[in-house]
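Enquirer: Below is one structure. I have some questions about it.
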Amino acid sequence: MNRREFLAYGALGGGASVILGAAEAQTATRTYELFIEPADVEMIDGTIVYMLLFFGGPPGVREPRPVLRAVEGETVVLRIVNNAPEAHRFQVPGVTGATTTNIAPGQRREIRFTAPVGGTYIYLDPLQAPLYRLVGLHGAFIVTPRNGLTLAGSPTPYSATSQTAAVRAVFDAMGTMPRFAGDKWNPNDIARDKVWVFSQTDPALNKRVELRQSVDLATLAANFKPRYFTINGRSGFDLDEDPTVRISGYVGQPTLIRTINTGLATHAPHIHGNHCFELAGNTTAGAVSVRSNVYERDVWMLAPLDRKDLLLPFEIPPDIPREAWPPVQEPWPLRYVMHCHTEMSQTAGGGNYPQGALCHWELLGPQRPVA
Ligand SMILES: [Cu+2]
């Protein structure tokens, strides 16, 4: 082990969702460096937990759990260095070529693969699954479509070849129908494209890995007792102002939320104030599955390794009577909770509520100010 990084709570996740790889236009390649390393991570209650994390980003950048982004068809070059004391692997499930064999301690590996169709993917260490993924070796891989426009010209997060009529109808409705007056979804506005990686941590399991004790994979799930439930590595009060998680905007600014569950517990996120449109999920083989029937979700199920993309429409909250809109006595912004209906996930350290996986979104005003 070269060294062990200490991650104070405030240092986690900031800005990670805006990292773009070093794009070389002529060759259409995108290069990232990933370092697999131990870290001492401070949880919301001050407890220090041993984790194994991916650090990195474009060459020279070093963020914990970086969000990797690429455009469909680009060649993605990953330079992976294992600075952990045991062997690890890298994989993007469902993406051809995005996998390594064992990388021994101190070794580096370079892989190249073609970015698949637009959508949300997970990268992780598949070795001794689910062990190393639970101990922290996971992250999000986001692919932007080369052509994401609908037939009517509305931008979407999905490649024209994988769009469904139902998903096209949602994006064509934004900014067009009275119910969704305002803007189209904007793929170039990073504030309208959120990545929420839900994960769970059992410090006792991490401790066993730190001490290099054996873990019985057959009984791991039965013995897994998560005490921390995080989104992008944070929980509770620390999520309140996390720029990668917080959603803020005016009525008429639809926002994509890419939700991922890298843990072992099933989540059931619930957003108050608006219903979300469930746009896409994943097949069991890991491919992107764009929905042919788009449901309005109050709560959506997020099983282990699920990825689900939801569109928060930023419509006028339907529980406010139109005669009372816009409110004059309520101060702006109007804030609505996002919590998870798997109740234990709302706690930290064995019961501290509400210090788990919950946050809010906010309406800054009835419409975007004219620039
Ligand atoms: Cu609820």
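Just so you know, we're using my numbering here: the sequence shown kicks off at 1 and counts up by one.
Every residue gets a Cβ at the ideal spot worked out from N, C-alpha and C, and that includes glycine.
On a predicted model such as this, the values are computed, not experimentally measured, just so you know.
#1: For residue 223, which of helix, strand or coil comes out of DSSP?
#2: In the DSSP assignment, find the beta strand (DSSP E) that holds residue 334 and state where it starts and stops.
#3: Between residue 361 and residue 231, is the Cβ-Cβ spacing less than 8 Å?
#4: In this structure, does DSSP put residue 69 in helix, strand or coil?
#5: Nearest CA to the CA of residue 94: which residue from 109, 65 and 126?
#6: So what does residue 289 bridge to, in DSSP terms?
#7: Could you check if residue 360 belongs to the surroundings of ligand 1, using beta carbon to heavy atom distance under 7 Å?
#8: Tell me which same chain residues have a C-beta within less than 8 Å of the C-beta of residue 97, skipping the five on either side of it?
#9: For residue 353, count neighbouring Cβ atoms within 10 angstroms of its own Cβ and tell me buried if that reaches 16, exposed if not.
#10: Residue range of the beta strand (DSSP E) that residue 38 falls in?
#11: Mapping the DSSP letters down to three states, classify residue 170 as helix, strand or coil.
#12: Give every residue of the same chain whose Cβ lies closer than 6 Å to the Cβ of residue 175, excluding the five residues on either side of it in the sequence, and list them in chain order.
#13: Only counting the same chain, and skipping five residues up and downstream in sequence, which positions put a Cβ closer than 6 Å to that of residue 187?
#14: With DSSP run on the structure shown, which of helix, strand or coil describes residue 346?
#15: Using a Cβ-Cβ cutoff of less than 7 Å, which residues in the same chain neighbour residue 189 once the five nearest sequence positions on both sides are dropped?
#16: Quick check on residue 225: buried or exposed, where buried means 16 or more other Cβ atoms within 10 Å of its Cβ?
#17: Using only the alpha-carbon positions, how far apart do residue 58 and residue 264 sit?
#18: Is it the case that the CB of residue 270 approaches a heavy atom of ligand 1 more closely than 7 Å?
#19: Could you name each continuous beta strand (DSSP E) segment of 3 residues or more that falls completely within the region 290-329, going from the start of the chain to the end?
#20: Run through DSSP, which three-state label would residue 239 get?
#21: Starting from the C-beta of residue 15, find all residues in its chain whose C-beta is less than 6 Å away, skip the five residues before and the five after it, and write them out in chain order.
#22: Specify the secondary structure class of residue 129 as computed by DSSP and reduced to three states.
#23: For residue 375 and residue 149, what's the separation of their Cα atoms in angstroms?
#24: For residue 208, which residues of its own chain have a beta-carbon under 7 Å away from its beta-carbon, when the five flanking residues on both sides are left out?
#25: Going by DSSP in three states, residue 369 sits in which element: helix, strand or coil?
#26: Quickly, what does DSSP pair residue 51 with across the bridge? List them, please.
#27: How is residue 232 classed by DSSP in three states: helix, strand or coil?
#28: Is it true that the CB of residue 166 sits closer than 8 Å to the CB of residue 82?
#29: I need the straight-line Cα distance from residue 258 to residue 169, nearest angstrom please.
#30: Evaluate contact between the region 61-75 and the region 135-145, counting only Cβ atoms and requiring at least three cross-stretch pairs below 8 Å.
#31: Sorry if obvious, but does the Cβ on residue 88 come closer than 7 Å to a heavy atom of ligand 1?
Expert: Based on what the coordinates show:
#1: helix
#2: 334-340
#3: no
#4: strand
#5: 126
#6: 281
#7: no
#8: 111, 112, 113 and 114
#9: exposed
#10: 29-42
#11: helix
#12: 182, 183 and 184
#13: 155
#14: helix
#15: none
#16: exposed
#17: 30 Å
#18: yes
#19: 307-312
#20: helix
#21: Any reading at residue 15 must be qualified, since the residue scores a pLDDT of 41, below 50, and its modelled position is unreliable; the value itself is stated next. Excluding sequence neighbours, residue 15 sits near nothing in its chain.
#22: coil
#23: Residue 375 lies beyond the residue range present for the chain, which begins at 1 and ends at 371; the question has no answer from this structure.
#24: 215
#25: coil
#26: 39
#27: coil
#28: no
#29: 19 Å
#30: yes
#31: no
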